[in-house]
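Numbering (UniProt numbering), first residue to last: 1 to 176.
Yeah, the Cβ is synthetic: ideal placement off N, Cα and C, and Gly gets one too.
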Amino acid sequence: MSRKTWLFLLPFIIFLMGAVFLFKGLYSDPTKLESVMVDKEVPVFTLQDIYDLNKQHDRSILKGRPMLLNVWATWCPTCYGEHTYLKQLAGQGIYIVGMNYKDERDKAIKWLAELGNPYQINLYDPDGMLGLDLGVYGAPETFFIDSQGIIRYRHVGDVNPEVWASTLKPIYDAMK
Numbered sequence: 001m002s003r004k005t006w007l008f009l010l011p012f013i014i015f016l017m018g019a020v021f022l023f024k025g026l027y028s029d030p031t032k033l034e035s036v037m038v039d040k041e042v043p044v045f046t047l048q049d050i051y052d053l054n055k056q057h058d059r060s061i062l063k064g065r066p067m068l069l070n071v072w073a074t075w076c077p078t079c080y081g082e083h084t085y086l087k088q089l090a091g092q093g094i095y096i097v098g099m100n101y102k103d104e105r106d107k108a109i110k111w112l113a114e115l116g117n118p119y120q121i122n123l124y125d126p127d128g129m130l131g132l133d134l135g136v137y138g139a140p141e142t143f144f145i146d147s148q149g150i151i152r153y154r155h156v157g158d159v160n161p162e163v164w165a166s167t168l169k170p171i172y173d174a175m176k
């Protein structure tokens, strides 16, 4: 082909490549975000407790029993929606650690006081560094952690009765 032909076809080729990329994106499932952390130990961290500036937590708190690590924030409307169900799960004996993500401590404490606290431990990650290490895209996300501190599953989006019954409960039960 001549150079003129290539110059004529180039915009069309670029258009087709862009169209394929966008078409693929329309049919992708945003809840199926792969995580490189699955089957790996929770990264090393030290974070403050949300209530006590002098209390530090490290990854040792994420060992000893199967649990959920729920990433949440007061600026997240979906987190608000899932909060009631997390309280129900906690009432059923599901051990849940909360990680307040890129939020303001005062707002988070007020949120927990008003809505109730489903979390056994409340981590405060104001700059999102642990979230970054975990590969968090946003809130809410929930990590299923086994008794050895190994991440077994990552759920993007809210935890609700339907998702729990159909997908998440079997994963949690398998960690016991």
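So which of the options has the shortest CA-CA distance to residue i?
i    : options                 : result
M37  : M99, Y153, K55 and L168 : Y153
E141 : I50, G116 and E82       : E82
N122 : Q92, N70 and I151       : N70
A108 : C79, G131 and L89       : C79
G138 : I150, V44, H155 and S60 : H155
K40  : Y119, D133 and N117     : D133
G157 : I145, R59, G128 and P77 : P77
K102 : I94, Q56, Q48 and D125  : D125
P118 : I145, K87, S2 and P170  : K87
V42  : N54, D49 and S60        : S60
G149 : R3, F45 and S2          : F45
How far does the alpha helix (DSSP H) with residue i in it reach, from first residue to last?
i    : result
D127 : Per DSSP, D127 belongs to no alpha helix (DSSP H) and is neither H nor E.
E114 : R105 to L115
Y153 : Per DSSP, Y153 belongs to no alpha helix (DSSP H); it is in the beta strand (DSSP E), I151 to V156.
I145 : Per DSSP, I145 belongs to no alpha helix (DSSP H); it is in the beta strand (DSSP E), E141 to I145.
D173 : K169 to M175
Would you identify the three-state DSSP class for residue i, choosing helix, strand or coil?
i    : result
Q92  : coil
T31  : Its pLDDT being 46, under 50, T31 is placed unreliably by the model, and the measurement read from it follows with that caveat. DSSP places T31 in helix when its eight states are reduced to three.
D133 : helix
Y101 : strand
L62  : helix
L53  : coil
Which term fits residue i, buried or exposed, when burial requires 16 or more other beta carbons within 10 angstroms of its beta carbon?
i    : result
M67  : buried
N100 : buried
L62  : buried
G64  : exposed
G98  : buried
G93  : exposed
Near residue i, what residues of its chain come up, given a Cβ to Cβ distance below 7 Å and the 5 sequence neighbours on each side ignored?
i    : result
P161 : Y85
W111 : T74
I96  : M67, L68, N70, L86, L89, A90, P118, Y119 and Q120
Output needed for residue i: all residues of its chain with C-beta closer than 8 Å, excluding positions within five of it in sequence on either side, in chain order.
i    : result
S147 : K63, G64, R65, P66 and M175
In the DSSP assignment, the beta strand (DSSP E) including residue i goes from what residue to what residue?
i   : result
W75 : It is not in any beta strand (DSSP E) - W75 carries neither H nor E in the DSSP assignment.
D58 : Q56 to D58
G48 : Here residue 48 is Gln; the residue named in the question, Gly, does not match the sequence. Its beta strand (DSSP E) spans residues T46 to D49.
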